[in-house]
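Under full-length UniProt numbering, the residue at position 65 of the sequence shown is numbered 65, and the numbers go up by one with no gaps. For every residue, glycine included, the Cβ atom is placed at its ideal position computed from N, Cα and C. Below is one structure, written out as structure tokens, with a few remarks after it.
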Amino acid sequence: MQVLVRDNNVDQALRALKKKMQREGIFREMKLRRNYEKPSEKRAREQAEAVRRHRKLLRKRMDREGY
């Protein structure tokens, strides 16, 4: 990952880097890897995330169709 520093503006470059890392999911992955996660817990978490994504998709679809 690469961020350009323009006009010695490190703060702006740091904000851009953090935004890129957030979009890529690096912070989330770091948080998950901080502690060991049992395979059964991982399966349950991933299943819950899939359900959440599906419900969100359905909500958006219903809004678009006007229900």
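#### Entry: Collapsed DSSP secondary structure at leucine 4 in the structure displayed
Leucine 4 falls in the coil class under three-state DSSP.
### Query
Is DSSP giving arginine 59 helix, strand or coil here?
helix
### Query
Rounded to a whole number of angstroms, what is the C-alpha to C-alpha distance between methionine 62 and aspartate 7?
48 Å
### Query
Start and end of the alpha helix (DSSP H) containing lysine 20?
10–24
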